[in-house]
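Notes to accompany the following structure.
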Amino acid sequence: MEAAAAPGHALIIGASSGIGRAVAERLAPRLPVTAMARRLDRLEQFAPLGVDIVACDATDFEALARAVEAAVAKRGKISSFVLCAGLQKIKPLRITKPDEIGELLRVNLQLPLVVGGLFTSRKLTADDAVLCAVSSIAATRPEPGIVAYAAAKAGLEAMVRGLAREAAPRRVVAVAPGWLDTEMTQSYSNIYNEEFRERLGKSAPGGIATVDSVVDCIEFLLSPAARFITGEVIRVDGGAVL
Amino acid sequence: MTVDEFLSQLTDAIEAEEPLRAGQALDEAAVWDSLAVLSVVDLFEQIGAEADLDSIGKAETTDDLIALAGSAVA
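Protein chains in written order, with this note's numbering: chain A, 1 to 242; chain W, 243 to 316.
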């Protein structure tokens with residue numbers, strides 16, 4: 001069986017860069033895709049691919065619900081719902097301000113829960129729809145300096161397991177990448193520098209994972225080939241966590 | 243930012259028990275571990291100084307950090 005996303009309508013939140021962008025590019029030739037992100041100018045790259053682009057701050061939850069409803073009205077019920085929006089801050093918890101903790105929880109945990117609620121709506125998603133969220137190996141291996149982020153991702157993974165039961169027969173899954181070379185990590189070039197990459201390369205038996213390898217996994221999880229996989233979080237880290 | 247202001251903020255950032263002085267060894271003044279280094283990374287970002295994690299981690303004295311902070315501390 002082909003490991004390609006099931007036919008229908010794919011909606012991707014956080015599509016302007018990194019994994020979200022790569023998922024949109026991968027799925028667009030095969031099915032209708034709606035790509036959402038905060039900034040419209042970052043989405044215009046998708047116009048030649050026939051992707052519907054929607055500017056939406058996903059943490060404005062009322063606006064997000066309206067945008068999802070509008071996308072469904074235009075292109076039909078969602079079969080593949082991919083949540084890639086995320087936020088990372090690297091600093092010890094002692095000096096992390098409550099507002100910063102709140103922002104991390106809002107993007108990395110509250111948003112997935114809100115999206116999970118939308119996903120379970122029969123008006124918005126097909127009976128065989130799949131929700132795939134992007135977690136992190138930090139959820140199971142929290143490192144110093146990203147404790148709030150890791151806690152939020154652990155909450156996301158608990159949601160995946162719980163919602164898989166609540167949303168059945170729809171499926172709920174996630175991928176948990178290790179460190180990836182994305183815009184989010186590039187913003188911490190002072191931490192994720194060449195020495196960091198060398199250390200990581202030596203500690204990951206399968207090598208440093210790539211965005212493409214994560215998208216391969218997401219595409220599989222969205223496909224009928226994964227029809228008996230739900231409530232699972234698949235680690236894609238080259239074995240770095242071992 | 244002046245050197246004195248920087249040292250004052252550095253004292254808070256790494257939770258040194260006494261106010262830090264120029265030339266002071268970091269591992270004698272505070273627990274100079276990976277979290278302290280991350281705290282200094284954050285301080286550098288706040289004051290607009292550019293230095294990476296490894297450079298800061300290799301600093302041995304307050305003078306090393308002042309040098310790394312470059313023009314942000316004068």
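The beta carbon of each residue, even a glycine, is placed where N, CA and C say it ideally should be.
- The Cβ-Cβ distance between residue 164(A) and residue 140(A) does not fall below 9 Å.
- Note: residue 303(W) is bridge-paired with 267(W) in the DSSP secondary-structure output.
- What residue 273(W) touches in chain A, judged by beta-carbon distance under 8 Å, is nothing: the nearest beta carbon there is about 12 Å away.
- Using a Cβ-Cβ cut-off of 9 Å, residue 145(A) counts as an interface residue toward chain W, since at least one Cβ of chain W sits closer than that to its own.
- The three-state reading of DSSP puts residue 250(W) in helix, counting H, G and I together.
- Taking a contact to require three or more Cβ pairs closer than 8 Å, the segment 39-54 of chain A and the segment 78-92 of chain A do not qualify as touching.
- Around the beta carbon of residue 248(W), 16 or more other beta carbons lie within 10 angstroms, which makes this residue buried.
- Here DSSP, grouped into helix, strand and coil, assigns residue 213(A) to helix.
- Within the same chain, Cβ atoms closer than 6 Å to the Cβ of residue 182(A) are found at 18, the five residues on either side in sequence being excluded.
- Of the other Cβ atoms in all chains shown, 16 or more fall within 10 Å of the Cβ of residue 294(W); this residue is therefore buried.
- Between residue 81(A) and residue 11(A), the gap from beta carbon to beta carbon is short of 9 Å.
- For residue 37(A), DSSP records a beta bridge to 55(A).
- The count of Cβ pairs closer than 8 Å, one atom from the segment 147-165 of chain A and one from the segment 127-138 of chain A, reaches three, so the stretches are in contact.
- Cα atoms of residue 143(A) and residue 210(A): separation of roughly 20 Å, rounded to the nearest angstrom.
- Out of 256(W), 281(W), 246(W), the CA that lies nearest to the CA of residue 271(W) is found in 256(W).
- For residue 56(A) and residue 115(A), the gap between their C-alpha atoms comes out near 13 Å.
- For the pair residue 36(A) and residue 73(A), the CB atoms are not nearer than the 9 Å cut-off.
- Within its own chain, the residues whose Cβ lies closer than 6 Å to the Cβ of residue 32(A), once the five positions on either side in sequence are excluded, are 9, 75, listed in chain order.
- In the DSSP annotation of this structure, the continuous segment of the beta strand (DSSP E) that includes residue 125(A) starts and ends at 125-134.
- Selection 230(A), 145(A), 50(A) evaluated against residue 275(W) yields 145(A) as nearest (Cα-Cα).
- DSSP, read as helix, strand or coil, puts residue 81(A) in strand.
- The criterion of a C-beta distance shorter than 9 Å is satisfied by residue 283(W) and residue 191(A).
- Of the other Cβ atoms in all chains shown, 16 or more fall within 10 Å of the Cβ of residue 279(W); this residue is therefore buried.
- Those residues of the segment 77-93 of chain A placed with their C-beta closer than 8 Å to a C-beta in chain W are 90, 91, 92, ordered along the chain.
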